[in-house]
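Structure record follows, encoded as structure tokens.
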Amino acid sequence: MGKGFQGALRACAGALACAAVLGATSLAGATAAHAQQASDRQQEMKQAWAAAKAAAKVGPKSIELRDQATLKIGKDEVFIPQPAAGQIMHAMGNSNSPDMLGLVMPTSDDDEWMVVAKYEASGYIKDDDARDWNVDDLYKSLKEGTAAANEEREKRGIPALEIQGWVERPHYDAATHRLIWSMAARSKGQPADDPGAVNYNTYALGRDGYISLNLITGRNHVDADKPAVQKLLADLDFKDGKRYTDFNAKTDKVAEYGLAALVGGIAAKKLGLFAVIAAFLAKFAKVAILAVAGFGAAMAKFFKRKPSA
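For the sequence shown, this note's numbering begins at 1257 and goes up steadily by one.
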């Protein structure tokens, strides 16, 4: 296993202690019940990362993604499969989706990102609407969907999400059947100097549905981090009989929505859920999560680092 990942795991106990101090500071004046809840969350996180260590598949390696595709990860990456990936997501305050395939993380102490891999058995998604979509309309749809999803977040005690604009406008490659788009978002009430979170969303369409590889990182790191997920997308290959071009109109299921829905309607809720992860990474367990993801040696540097302009 990579040096950064191994070293970070050895640093996990200390990192969790640091996270506990941060949590205690943020919970000043909170009730004993809240303090116990924070302690339980820290214990859950510790157990989740222990499971991740045991299950991690270290690159370079070709990863089987169910019966649909294979994903090649590089020598500086690890793949955490289910159920360990789901344990991490739950510990971060997110749901453990049955669609989740796993997580890709770097082993380098210099990288601070995570890619969430999912498979949605939606059926064949027609991509003809990509020729006519209006980016402004997609943005409006995403904002409206996020506003509706905010009601659910508020019920869960999670801050509402604010959409800040495109980081990368939606673009679809009809030859490879790949879609990429990225949106900047922040939780309401975040400090003005907080750069916020970014979801850099990539999709590969197949015969029976699509695989998404979504990069979660900080707004001020997306340009440096997005090549990692772009390479993963390029190294994702559907198996024979599962490719987009294998579609049989006489027998195969067709999705109830088109390509634009992956940017608009159904994407809004997922954007918010990933923002929950990013907020957790940024605020409640920075040291613990970043350390175990492979950044233990960079712990002090991370806290001293100032956001880039």
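Built from N, CA and C at the ideal position, the CB exists for glycine as well.
Keep in mind that this is a model prediction, so the values were computed, not measured.
Contact between residue 1445 and residue 1415 holds, since their C-beta atoms are separated by about 6 angstroms, short of 8 angstroms. Using a Cβ distance threshold of 7 angstroms, residue 1461 and residue 1381 count as a contacting pair. A check of alpha carbon separations from residue 1465 across 1500, 1401 and 1327 identifies 1500 as the nearest.
Exclusion of the five residues before and after residue 1310 leaves 1340 as the residues of its chain whose Cβ lies within less than 8 angstroms of its Cβ. For the 7 angstroms CB-CB criterion, residue 1493 and residue 1363 do not form a contact. When DSSP reads this structure, residue 1427 sits in a beta bridge with 1436. For the pair residue 1356 and residue 1373, the Cα-to-Cα distance works out to about 6 angstroms.
For residue 1320, there is no enclosing alpha helix (DSSP H); the enclosing beta strand (DSSP E) has its first and last residue at 1317 to 1321.
By the neighbour-count definition (other C-beta atoms within 10 Å, threshold 16), residue 1504 is an exposed residue. Apart from sequence neighbours up to five positions away, the residues of its chain that approach residue 1304 with a beta-carbon distance below 8 angstroms are 1340, 1343, 1344, 1346 and 1347, ordered along the chain. Secondary structure of residue 1376 (DSSP, three-state): strand. In terms of Cβ geometry, residue 1329 and residue 1358 do not form a close pair [threshold 7 angstroms].
The stretch 1474 to 1486 makes contact with the stretch 1446 to 1459; the number of CB pairs closer than 8 angstroms reaches 3 or more. Following the DSSP letters along the chain, one finds residue 1358 inside the beta strand (DSSP E) bounded by residues 1356 to 1362.
Put simply, of 1334, 1428 and 1390 the residue whose alpha carbon is nearest the alpha carbon of residue 1488 is 1334. Taking 8 angstroms as the upper bound for CB-CB distance, residue 1439 and residue 1467 are not in contact here, some 20 angstroms apart. Residue pairing by DSSP places residue 1313 opposite 1335 in a beta bridge. Between residue 1485 and residue 1371, the beta carbon gap of about 5 angstroms places them in contact (Cβ cut-off 8 angstroms). The C-beta distance from residue 1518 to residue 1386 rounds to 10 angstroms, too long to meet the 8 angstroms contact threshold. Close CB contacts of residue 1482 within its chain, under the 7 angstroms cut and outside five residues either way in sequence, are with 1456 and 1471 (chain order). By the Cβ neighbour-count rule, residue 1443 is buried, with 16 or more other Cβ atoms within 10 Å of its own. Excluding residues up to 5 positions away in sequence, 1379, 1380 and 1464 lie with their Cβ nearer than 8 angstroms to the Cβ of residue 1509 in the same chain.
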